[in-house]
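Protein sequence lines, in the order shown, are assigned to chains F and V. The opening position of the first sequence corresponds to residue 9 in our numbering, with each subsequent residue numbered one higher. The opening position of the second sequence corresponds to residue 9 in our numbering, with each subsequent residue numbered one higher. Backbone N, C-alpha and C fix where the C-beta goes; we use that ideal spot for every residue, glycine too.
Protein chains: 2
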Amino acid sequence: MPEFFNVLPPDDARELLLSHLTAVLPSEIIPTQDALGRVTAVRIHSPQPLPTFRRSTMDGYAVKAADTYGASGSLPAFLQVVGEVPMGQAANIALQSGQAAIVHTGGMIPETADAVVPVEHTQKIAGQSSLPFEIEVMKAVAVGQNVLQIGEDVRLDAEILPAGHWLRPQDLGGLLAVGITKVAVARRPRVAILATGDEVVAPAQSPGPGQIRDINSFTTAGMVTRAGGIPVLGGIVPDNFQALQTAAQEALANADMLVMSAGSSVSVRDMTVGVIEGLGEPGVLLHGVATRPGKPTIAGVVGGKPVIGLPGNPVSAMVQFDMLGVPAIYRLQGVATMPRRGLVRARLSQNIASESGREDYISARLEDDGAGGLTAVPVFGKSNLIYTLVNADGLIKVPLNKAGLLAGEQIEIQLFGGHFW
Amino acid sequence: MPEFFNVLPPDDARELLLSHLTAVLPSEIIPTQDALGRVTAVRIHSPQPLPTFRRSTMDGYAVKAADTYGASGSLPAFLQVVGEVPMGQAANIALQSGQAAIVHTGGMIPETADAVVPVEHTQKIAGQSSLPFEIEVMKAVAVGQNVLQIGEDVRLDAEILPAGHWLRPQDLGGLLAVGITKVAVARRPRVAILATGDEVVAPAQSPGPGQIRDINSFTTAGMVTRAGGIPVLGGIVPDNFQALQTAAQEALANADMLVMSAGSSVSVRDMTVGVIEGLGEPGVLLHGVATRPGKPTIAGVVGGKPVIGLPGNPVSAMVQFDMLGVPAIYRLQGVATMPRRGLVRARLSQNIASESGREDYISARLEDDGAGGLTAVPVFGKSNLIYTLVNADGLIKVPLNKAGLLAGEQIEIQLFGGHFW
Numbered sequence: 009m010p011e012f013f014n015v016l017p018p019d020d021a022r023e024l025l026l027s028h029l030t031a032v033l034p035s036e037i038i039p040t041q042d043a044l045g046r047v048t049a050v051r052i053h054s055p056q057p058l059p060t061f062r063r064s065t066m067d068g069y070a071v072k073a074a075d076t077y078g079a080s081g082s083l084p085a086f087l088q089v090v091g092e093v094p095m096g097q098a099a100n101i102a103l104q105s106g107q108a109a110i111v112h113t114g115g116m117i118p119e120t121a122d123a124v125v126p127v128e129h130t131q132k133i134a135g136q137s138s139l140p141f142e143i144e145v146m147k148a149v150a151v152g153q154n155v156l157q158i159g160e161d162v163r164l165d166a167e168i169l170p171a172g173h174w175l176r177p178q179d180l181g182g183l184l185a186v187g188i189t190k191v192a193v194a195r196r197p198r199v200a201i202l203a204t205g206d207e208v209v210a211p212a213q214s215p216g217p218g219q220i221r222d223i224n225s226f227t228t229a230g231m232v233t234r235a236g237g238i239p240v241l242g243g244i245v246p247d248n249f250q251a252l253q254t255a256a257q258e259a260l261a262n263a264d265m266l267v268m269s270a271g272s273s274v275s276v277r278d279m280t281v282g283v284i285e286g287l288g289e290p291g292v293l294l295h296g297v298a299t300r301p302g303k304p305t306i307a308g309v310v311g312g313k314p315v316i317g318l319p320g321n322p323v324s325a326m327v328q329f330d331m332l333g334v335p336a337i338y339r340l341q342g343v344a345t346m347p348r349r350g351l352v353r354a355r356l357s358q359n360i361a362s363e364s365g366r367e368d369y370i371s372a373r374l375e376d377d378g379a380g381g382l383t384a385v386p387v388f389g390k391s392n393l394i395y396t397l398v399n400a401d402g403l404i405k406v407p408l409n410k411a412g413l414l415a416g417e418q419i420e421i422q423l424f425g426g427h428f429w
Numbered sequence: 009m010p011e012f013f014n015v016l017p018p019d020d021a022r023e024l025l026l027s028h029l030t031a032v033l034p035s036e037i038i039p040t041q042d043a044l045g046r047v048t049a050v051r052i053h054s055p056q057p058l059p060t061f062r063r064s065t066m067d068g069y070a071v072k073a074a075d076t077y078g079a080s081g082s083l084p085a086f087l088q089v090v091g092e093v094p095m096g097q098a099a100n101i102a103l104q105s106g107q108a109a110i111v112h113t114g115g116m117i118p119e120t121a122d123a124v125v126p127v128e129h130t131q132k133i134a135g136q137s138s139l140p141f142e143i144e145v146m147k148a149v150a151v152g153q154n155v156l157q158i159g160e161d162v163r164l165d166a167e168i169l170p171a172g173h174w175l176r177p178q179d180l181g182g183l184l185a186v187g188i189t190k191v192a193v194a195r196r197p198r199v200a201i202l203a204t205g206d207e208v209v210a211p212a213q214s215p216g217p218g219q220i221r222d223i224n225s226f227t228t229a230g231m232v233t234r235a236g237g238i239p240v241l242g243g244i245v246p247d248n249f250q251a252l253q254t255a256a257q258e259a260l261a262n263a264d265m266l267v268m269s270a271g272s273s274v275s276v277r278d279m280t281v282g283v284i285e286g287l288g289e290p291g292v293l294l295h296g297v298a299t300r301p302g303k304p305t306i307a308g309v310v311g312g313k314p315v316i317g318l319p320g321n322p323v324s325a326m327v328q329f330d331m332l333g334v335p336a337i338y339r340l341q342g343v344a345t346m347p348r349r350g351l352v353r354a355r356l357s358q359n360i361a362s363e364s365g366r367e368d369y370i371s372a373r374l375e376d377d378g379a380g381g382l383t384a385v386p387v388f389g390k391s392n393l394i395y396t397l398v399n400a401d402g403l404i405k406v407p408l409n410k411a412g413l414l415a416g417e418q419i420e421i422q423l424f425g426g427h428f429w
């Protein structure tokens with residue numbers, strides 16, 4: 009089998025993989041207040057306008073705006089305050105021309121009023137202790153001024169959220185405000201994770217000579233969790249085609265996606281390709297991504313389920329899973345447009361060499377430059393070195409078409425800790 | 009009581025509040041693989057070097073580098089391959105000068121070797137089917153080349169993570185790689201949330217005339233969760249000093265932090281100040297933050313626990329909680345340096361007016377500009393309108409010292425969905 013007959017640029021690789029994926033079914037209905045970070049399964053329309061009644065945006069007096077026209081500090085309008093609208097109650101006060109009612113911020117406006125005069129633009133005429141009393145209005149208000157209109161926040165039956173929307177705190181608020189206390193969301197995809205390698209032992213074991221602890225299972229699991237998936241750890245499988253084939257089949261049967269973290273030798277990669285091909289159709293889609301680190305990543309789809317073979321090097325594995333696996337998990341939740349990555353701008357501390365035709369990712373630490381800006385300091389190291397990522401705040405991306413970056417250049421760093429990783 | 013005797017710029021307000029806070033105690037010890045998003049309680053040192061043995065970074069041959077000096081395509085060096093180091097096993101092969109051993113990526117290097125020649129720089133001499141066999145080396149290697157040295161990733165006893173570090177997937181990997189399967193982390197702070205207001209009803213209720221549903225409890229709870237806290241919903245308290253005082257006392261006794269989402273009228277704000285003062289020392293620290301939306305935010309500390317009185321308007325409440333409450337939750341977990349916000353750069357679609365001396369936050373939607381960049385479209389609306397946040401991808405910040413932003417300006421948007429909200 010040719011080793012890299014299908015090495016794609018990262019954007020093409022991702023698009024190819026995503027084009028085969030749709031939301032896992034069935035969706036589920038859960039309480040809105042528990043839906044943070046979940047993804048809407050259907051488009052949602054508002055069952056009511058918001059607000060349902062005209063509300064004051066100020067502490068002041070509900071008035072007929074026409075009664076204030078021309079009012080100024082030197083020539084105030086005089087109004088008689090005939091009542092008060094209590095918070096949380098109907099505004100059952102019928103205002104006549106020349107009359108006003110006390111209203112509080114957020115309170116209801118009487119039907120006969122059309123504006124609110126803020127209390128700081130009025131003056132109570134001295135010597136009056138109870139209703140009715142008289143006020144001077146020192147500034148005119150226009151019709152509708154300081155009033156929140158019915159449906160001003162959202163109209164009845166408006167589409168308030170599309171399907172495939174990742175729910176944030178404000179979205180829960182928007183849903184609850186219109187009484188939507190349950191919401192249909194995508195099921196969280198189950199992502200099976202297998203580690204392979206005769207040299208790999210569980211982290212709790214003491215590795216013997218030539219052995220190392222499995223960490224890719226756990227870094228991958230963390231990224232799965234952050235993307236909204238449920239990691240299902242399948243343990244360590246020996247470097248043996250039949251063993252891996254059997255383990256992969258069983259894992260995929262009980263999951264929506266499979267990730268195999270293989271070793272990095274050529275024979276192990278070929279084995280992963282063979283195992284994916286053996287799982288079903290359409291099988292392997294790509295044999296590599298034109299990036300460093302991480303070129304030898306294998307991605308395929310079996311019966312609508314993504315299957316990814318990651319390189320064994322922990323840095324390569326994370327960079328590649330971020331590039332292909334995390335978007336796949338979002339897509340399995342029905343997310344149509346991938347969330348944006350958070351960036352920060354910083355000045356590069358030193359030259360970075362790269363190769364045109366390949367996307368390079370370099371770990372970087374951010375330091376204050378003492379002038380209100382940031383300096384990005386590359387954390388160089390072989391892609392086996394997990395601490396190049398532990399000691400970093402984000403990744404520098406050198407685009408496909410650039411042959412490197414120069415010291416002093418203003419660049420954007422992909423910040424860890426956002427939607428992706 | 010003077011209404012705003014202590015209105016601070018946002019950075020000063022946050023620093024003042026944080027200066028009174030330390031990590032909640034006691035910390036707890038949990039499995040490392042469950043520690044994603046938790047915060048280290050102590051500095052962690054490595055109990056071993058990583059790796060513990062010299063590893064090959066290539067598929068190839070372990071050699072004595074000196075045997076390859078001067079080798080080239082036209083004048084190759086001839087070496088005798090005398091064995092193979094199996095993955096996951098000790099490299100018990102004693103190489104003599106002129107000898108080599110097959111090694112795989114990640115495999116152990118024999119003690120008598122000091123470099124690895126990649127397989128693609130060698131050629132097997134034809135007609136040999138079993139060990140020992142002869143190879144031609146077409147390119148010299150230097151001592152140490154293609155070899156990962158003991159401790160190259162992390163040295164024995166090196167500080168691998170500081171206290172107060174927010175754990176990411178790669179950090180779990182770094183800890184597990186050196187056998188740290190349990191980790192001491194800060195307890196997740198319990199954040200009590202009370203809503204006040206005679207007009208406020210629970211979301212599942214049908215609001216009567218003049219009534220609205222409580223949403224601030226739930227938007228706040230979502231932000232608490234994303235920051236690593238545990239929201240404890242205390243429900244809705246009537247606009248009554250004694251009722252609020254009692255509810256606040258009980259809530260604070262069982263929590264590490266208290267958030268009260270009050271109404272927005274002056275009387276309600278004054279009541280919140282009185283309640284915080286009545287809870288204990290030092291009490292109220294600030295009576296407002298120089299921002300829009302959200303100026304009338306009250307923040308204090310009682311017995312080391314932060315107490316925050318948010319404005320009733322949902323947008324103000326979220327912006328202010330992001331500014332003061334979220335950093336407080338991180339600090340209660342011992343986070344020393346606040347996580348950075350993810351930003352994206354975009355060109356502003358229209359002018360934004362502001363006032364110097366005040367930090368303004370405007371919701372913005374991001375649109376592709378058709379030329380590979382982004383356009384930020386402000387979502388204007390009164391601070392009562394939760395849908396100005398639902399329909400936005402992030403916030404535009406107009407700094408204290410600017411009187412606005414101009415259409416066409418390249419600006420940075422604080423992206424929703426990161427460390428903060």
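For the C-beta of V/R198, not a single chain F residue is nearer than 8 Å; the gap to the nearest is close to 17 Å. Residue-level contact by beta carbon fails for V/V334 and chain F, as no gap is shorter than 7 Å. V/V398 places its beta carbon less than 7 Å from that of F/Q178. Excluding sequence positions up to five before and after V/R355, its CB lies within less than 8 Å of the CB of D377, G381, L382, T383, A384, G416, E417, Q418 and I419, all in the same chain and listed in chain order. Taken in chain order, the complete alpha helix (DSSP H) segments of 4 or more residues contained in the segment 259 to 304 of chain F are 274 to 287. At least one C-beta of chain F is nearer than 7 Å to the C-beta of V/G181. The DSSP-derived three-state label of V/S64 is strand. Shown here, V/S225 sits in a helix according to DSSP, grouped into three states.
The CB of V/R348 comes closer than 9 Å to the CB of G350, V352, L374, L382, D401, G402, L423 and G425 in chain F, given here in chain order. Taking one beta carbon from each stretch, the segment 184 to 198 of chain F and the segment 348 to 366 of chain F have fewer than 3 pairs nearer than 8 Å; the two do not touch. It is roughly 6 Å from the alpha-carbon of F/A49 to the alpha-carbon of F/G172. The residues P322, in chain order, have a CB closer than 6 Å to that of F/I394 in the same chain once the five nearest residues on each side in sequence are set aside.
Beta-bridge annotation (DSSP): F/D376 is paired with F/L382.
In the assembly as shown, V/L260 is a buried residue. Its beta-carbon has 16 or more other beta-carbons within 10 Å. The alpha-carbon of F/I201 is positioned some 16 Å away from that of V/L180. CA-CA distance, V/R373 to V/A400, rounds to 5 Å. The alpha-carbon of F/F424 is positioned some 13 Å away from that of F/Y369.
If you draw a 10 Å sphere on the C-beta of V/V124, you find 16 or more other C-beta atoms in it, and that means buried. Residue V/S362 holds the alpha-carbon nearest to the alpha-carbon of V/N409 among V/S362, V/Q422 and V/V15.
For V/L403, there is no enclosing alpha helix (DSSP H); the enclosing beta strand (DSSP E) has its first and last residue at G402 to V406. If only complete runs of 4 or more residues are kept, the segment 157 to 223 of chain F shows the alpha helix (DSSP H) at 177 to 185, in order along the chain.
For F/E23, the enclosing alpha helix (DSSP H) has its first and last residue at P18 to L26.
Close partners of V/E160 in chain F (Cβ separation under 9 Å): G389, K390, N392 and L393. Nearest C-alpha to V/M326 among V/H112, V/L403 and V/T280: V/L403.
The Cβ atoms of V/R195 and V/E36 sit closer than 7 Å to each other. With fewer than 16 other Cβ atoms inside 10 Å of its own Cβ, V/A379 counts as exposed. Going by DSSP, F/L87 is part of the beta strand (DSSP E) stretching over A85 to E92. Nearest to V/A70 by alpha-carbon distance, out of V/D161, V/P290 and V/D122, is V/D122. By the criterion of a C-beta distance shorter than 6 Å, V/P301 is surrounded in its chain by V323, S324, V327 and S391, once the five residues flanking it on both sides are discounted.
Put simply, the CB of V/F226 is near chain F, with a gap under 7 Å to one of its CB atoms. Between V/Q41 and V/V310, the alpha-carbon positions lie close to 35 Å from each other. In terms of Cβ geometry, F/I101 and F/P126 do not form a close pair [threshold 7 Å]. For F/V145, the enclosing beta strand (DSSP E) covers residues F141 to V145. For the C-beta of V/P215, the chain F residues within less than 8 Å are, from N- to C-terminus, T60.
Chain-ordered, the chain F residues with CB closer than 8 Å to the CB of V/T189 read P211 and A212. Secondary structure note for F/T130: its beta strand (DSSP E) is the uninterrupted segment T130 to K132.
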